[in-house]
Amino acid sequence: MSTIATPPLTREPASSATTTTHARSRASIVTAALWHTLRRDIVVTMREIIPFLVQTLVMPLCLLLVFGRIMPGVGATHQAYPASLLPGVIAFSIFQGSILAITLSLILDLGAIREIDDRLLAPLPVSLVAIEKVFFSAIRAMFAGALTFLLAYWILGSGYQVRGDELLPLIGIMFLYALSSSALGLIIGAALSPDKIYLLFTLVFSATLYTGCVYFSWSSISSIKVLQIITLFNPLTYASEGLRYAMMPLTNGHASATLPIGWVVLGLSVSFFIFLIIGIQTFHKRVIS
């Protein structure tokens with residue numbers, strides 16, 4: 014009597030299915046925690062909308078009023094100067110908005126009270142906590158830039174001249190610079206202690222403002238080679254020049270002389286990735302110590 018051998022049944026290893034399920038569950042938890050953290054930051058900002066507006070609008074208001082309205086009105090600058098000034102002011106508003114959003118909060122969160130520990134209790138890697146702060150800061154910076162457009166329209170009057178055919182490059186440059194300056198703010202906020210906060214205003218803001226081609230275009234300082242080279246190490250220069258490319262009206266059918274848009278995108282992209290890597294490392298060392 015013969016017996017028929019049956020092949021053994023093969024089963025998919027349970028460990029791989031369990032691992033996949035666990036990974037999906039972990040990803041959903043992290044995504045939910047990231048969203049709730051971002052939403053909380055947005056809600057807090059809306060509750061403090063008046064201080065936010067004061068921080069955002071005072072500096073652009075002064076720059077546009079003095080250099081964009083009064084000085085051309087009294088003949089101290091030519092009448093076309095506001096069109097060249099406005100892109101620089103918007104770029105600086107983005108820088109200011111992002112730095113104030115992330116740096117001041119980080120300096121306070123990492124102080125003696127250690128309010129940052131509340132965020133670290135969330136089911137998020139430390140690096141994602143830092144990235145969330147950068148992304149939220151960039152959102153605030155974009156809002157600051159948009160408000161500056163409205164402010165300029167009100168202050169400059171007939172001096173408000175902005176092209177409307179380069180909207181996508183305009184938004185792209187603004188957002189890329191918002192990310193870059195927010196990543197820089199992550200470095201500063203994680204590196205500075207509360208007793209060194211004065212350096213933020215006396216050194217960072219002043220040096221960035223005056224070497225970022227806010228008041229002048231990069232091509233206009235071609236006779237001062239040293240200054241022209243120094244400005245290339247400031248991401249604000251690339252943002253100001255990129256916005257001039259996207260905003261300034263054509264003159265006799267020709268665009269104004271600016272840095273090539275390819276160099277603008279490259280400069281902002283490289284600065285963002287460098288600042289982000291250094292910022293995450295600095296933040297990680299600070300919160301773990």
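Numbering (the numbering used here), first residue to last: 14 to 302.
C-beta: ideal position from N, C-alpha, C; glycine also.
CB-CB under 6 Å to residue i, same chain, minus the five flanking residues each way: which ones, in chain order?
i: ILE287; result: none
i: GLN241; result: ILE234
i: SER232; result: ALA270
i: PHE80; result: LEU98
i: LEU272; result: TRP231, GLU254
Look at the alpha carbon of residue i and the alpha carbon of residue j, and state the distance between them as a whole number of angstroms.
i: TYR251; j: LEU189; result: 10 Å
i: ILE291; j: LEU212; result: 19 Å
i: GLU25; j: PRO138; result: Since pLDDT at GLU25 reaches only 48, below the 50 mark, its modelled position is unreliable, and no value is offered.
i: SER140; j: LEU74; result: 36 Å
i: TYR228; j: ARG153; result: 24 Å
i: MET14; j: ARG39; result: Per-residue confidence for MET14 stands at a pLDDT of 45, beneath the threshold of 50, marking its modelled position as unreliable; the derived number appears in the next sentence. Their backbone Cα atoms lie some 56 Å apart in a straight line.
i: ASP122; j: ILE293; result: 16 Å
i: LEU263; j: SER236; result: 24 Å
i: ARG53; j: LEU117; result: 17 Å
i: VAL2; j: ILE144; result: Since the first residue of the chain shown is 14 and the last is 302, residue 2 is not available in this structure.
i: TRP167; j: HIS297; result: 44 Å
i: HIS49; j: VAL283; result: 30 Å
i: THR58; j: GLN68; result: 12 Å
i: GLY86; j: PHE162; result: 20 Å
i: ASN265; j: GLN174; result: 15 Å
i: LEU222; j: ARG132; result: 32 Å
i: ARG60; j: GLY88; result: 43 Å
i: GLY110; j: LEU245; result: 22 Å
Please state whether the Cβ-Cβ distance between residue i and residue j is less than 8 Å.
i: ALA220; j: LEU289; result: no
i: ILE115; j: GLY158; result: no
i: PRO100; j: GLY172; result: no
i: THR224; j: ASN247; result: yes
Between residue i and residue j, how many whole angstroms is the CB-CB distance? I'm expecting something under 8 Å.
i: ARG299; j: ALA203; result: 5 Å
i: LYS238; j: LEU199; result: In fact, because the Cβ distance is near 33 Å, the residues do not count as touching under 8 Å.
i: PHE108; j: SER230; result: Going by Cβ atoms, the distance from PHE108 to SER230 rounds to 17 Å, so no, they are not a contact pair.
i: ILE120; j: ILE210; result: 6 Å
i: PHE105; j: LEU249; result: 7 Å
i: LEU164; j: LEU66; result: Not confirmed; about 10 Å, so no contact.
i: LEU160; j: PHE285; result: Between PHE285 and LEU160 the Cβ distance is about 23 Å, and since that is not below 8 Å, they are no contact.
Give every residue of the same chain whose Cβ lies closer than 8 Å to the Cβ of residue i, excluding the five residues on either side of it in the sequence, and list them in chain order.
i: LEU183; result: LEU256, ALA259, MET260
i: VAL217; result: ILE112, ILE201
i: ALA268; result: TYR258, MET261
i: MET84; result: THR90, TYR94
i: ILE55; result: PHE149, ILE152
i: LEU51; result: GLU145, PHE148, PHE149
i: ARG176; result: ALA259, MET260, MET261, PRO262, LEU263
i: LEU169; result: LEU77, GLY81, ARG82, PRO95, LEU99
Just to check, is the beta-carbon of residue i closer than 7 Å to a non-hydrogen atom of the ligand GDP?
i: ILE152; result: The ligand GDP is absent from the structure shown, which contains no ligands of any kind.
Got a sec? Which residues, its chain only, sit under 7 Å from residue i by beta carbon, not counting five neighbours each side?
i: PRO136; result: ILE42, VAL43, ALA46
i: LEU76; result: VAL102
i: THR295; result: ILE200, ALA203, ALA204
TODO: Note down, one range per segment and in chain order, each alpha helix (DSSP H) of at least 4 residues found wholly within the segment 94 to 148.
DONE: As far as the segment 94 to 148 is concerned, its whole alpha helix (DSSP H) runs of at least 4 residues are 94 to 122, 129 to 133.
Task: Secondary structure, beta strand (DSSP E): runs of 3+ residues fully inside the segment 238 to 269 - done: Whole beta strand (DSSP E) segments, 3+ residues: zero.
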